[in-house]
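Numbering (my numbering), first residue to last: 156 to 284. Think of the CB as a built atom: it goes at the ideal place given N, C-alpha and C, for glycine as much as any other residue. All remarks here apply to the structure that follows.
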C-alpha cells in the first residue's frame, strides 16, 4: 500500500515538472482568461509606458512610438489587453509586430461587425458618399 502512495506522488511530481519545463510551448494555446490568471506568475510583464513598448518590440516603421518617447509623453502607453494579444500572436505565429497588429485588428473588426474594407456589415447601415 505504501508503494502505491509513493508511486502516485512520484508520477505527479514528474508530470508537474514536465508541465513546468514545457510551459512556453503550451501556455499560448490556453484561453485568454487562463492566460490572464497565470500572467501574475509570469516573468514577462507587458510594459505600461511608451518606452517599455519600444523596448519590447511594439513599434515599427509604420507604427512609430519614438516620437512619443522623445517628447516625454507621460501617458500609459498602448492598451494592455491588445498588447498581450499581439504579443501572443507574435509568439505563436512567429510574425513581426506589424503583421500581428494587422491580424489583431482584423479579428477585432470582425468581432464588432466591421468588414475588412472598414464598412459595417449591418444591413441597415446607410452611407452617404
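| query | For the putative contact between residue 218 and residue 253, defined by C-beta atoms under 8 Å, what is the C-beta separation to the nearest angstrom? | reply | Confirmed, about 7 Å.
| said: Across the region 240 to 248 and the region 256 to 273, are there enough close Cβ pairs to call them in contact, namely three or more that are closer than 8 Å? | reply: With a cut-off of 8 Å, the region 256 to 273 and the region 240 to 248 count as touching, because enough Cβ pairs lie within range.
| query | Helix or strand or just coil, what does DSSP make of residue 250? | reply | Coil, per DSSP.
| field | C-alpha distance - residue 176 paired with residue 276, whole-angstrom precision | value | If I take the Cα positions, the gap works out to 45 Å.
| field | Distance between residue 156 and residue 188 (C-alpha atoms, nearest Å) | value | Answer to the nearest angstrom: the Cα atoms are 40 Å apart.
| Assigned exposure category for residue 213 - 16 Cβ within 10 Å defines buried | It is buried - the Cβ of residue 213 has at least 16 other Cβ atoms within 10 Å.
| query | Where residue 169 and residue 243 are concerned, what is the direct C-alpha to C-alpha distance, given to the nearest angstrom? | reply | Computed Cα separation, rounded: 28 Å.
| message | According to DSSP, simplified to helix, strand and coil, what is residue 269? | response | Note: residue 269 maps to strand in three-state DSSP.
| message | If you follow the alpha helix (DSSP H) that residue 193 is in, where does it begin and where does it stop? | response | It spans 187 to 193 - the alpha helix (DSSP H) in which residue 193 sits, taken as one unbroken run.
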